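For reference, the structure discussed in these notes is given below.
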Amino acid sequence: MRKILIIIGCVITFLIVLVMSNPAIVFGLAPWKSQKIIYRHRLDQQHRIEFQMQDVGALGYNRRIVEIKPFLFFHLTEEIDTSNIDKNEWLQVDEEINEIEFKGA
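Counting in our numbering, the sequence shown runs from 149 upward without gaps.
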């Protein structure tokens, strides 16, 4: 009976710590943040291609280039290879956003 109470206490303590702490710290999840808008679609300015980075702590940063498509109240993201895009549909803008807030950027 005593072992069962100890196990239940440990599980409850773990759940409280899990709920009270930041999920990004517990699970290592960090959001992707836009650093630069590389291209904007000529017909729809909200449709764009962005360079994004994700902070993974001591391991540095993950990097990706994605196409952002507006859809109702959401933005659909899809990784894209910029060497294969049709340059007639896209306008190169190179707008710095710097959501990670690097100094000097």
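Backbone N, C-alpha and C define an ideal beta-carbon position, used for all residues, glycine too. Please read all numbers here as calculations on a predicted model, not as lab measurements.
(1) Distance check for Glu227 and Trp180, CA to CA, integer angstroms please.
(2) Starting from the Cα of Met201, find the closest Cα among Lys151, Ile248, Gly252 and give me that residue.
(3) Please identify the residue among Leu207, Glu243, Glu215 whose C-alpha is closest to the C-alpha of Lys184.
(4) By DSSP's criteria, Glu227 is part of a beta bridge. Which residues make up the other side?
(5) Going by DSSP, which residues form a beta bridge with Arg196?
(6) In angstroms with no decimal places, state the Cα-to-Cα distance between Arg190 and Phe219.
(7) For Gly208, which option in Ile155, Lys217, Ser169, Ala178 has the closest C-alpha, if you only look at C-alpha atoms?
(8) Pick helix, strand or coil for Leu153, following the three-state DSSP scheme.
Working from what's here:
(1) For the purposes of this step, residue 180 is taken as the residue at position 32 of the sequence shown. For the purposes of this step, residue 227 is taken as the residue at position 79 of the sequence shown. So the two alpha carbons sit approximately 12 Å from each other.
(2) Position 53 of the sequence shown, counted from the start, is the residue given in the question as residue 201. Comparing Cα-Cα distances from Met201 to each of Lys151, Ile248, Gly252, the minimum goes to Ile248.
(3) As a first step, residue 184 is located in the sequence shown; it is residue number 36 there, counting from the start. Comparing Cα positions, the closest option is Glu243.
(4) Translated into positions along the sequence shown, residue 227 becomes position 79. For Glu227, which the question treats as bridged, DSSP gives the partners Val214.
(5) The residue given as residue 196 occupies position 48 in the sequence shown. Bridge partners of Arg196: Arg188, Ile216.
(6) Numbered from 1 along the sequence shown, position 42 holds the residue referred to as residue 190. Numbered from 1 along the sequence shown, position 71 holds the residue referred to as residue 219. Cα-Cα distance, rounded: 17 Å.
(7) Your numbering for residue 208 matches position 60 in the sequence shown. Gly208 has its Cα closest to that of Ala178, out of Ile155, Lys217, Ser169, Ala178.
(8) To locate residue 153, count along the sequence shown from 1; it is residue 5. Here Leu153 sits in helix by DSSP.
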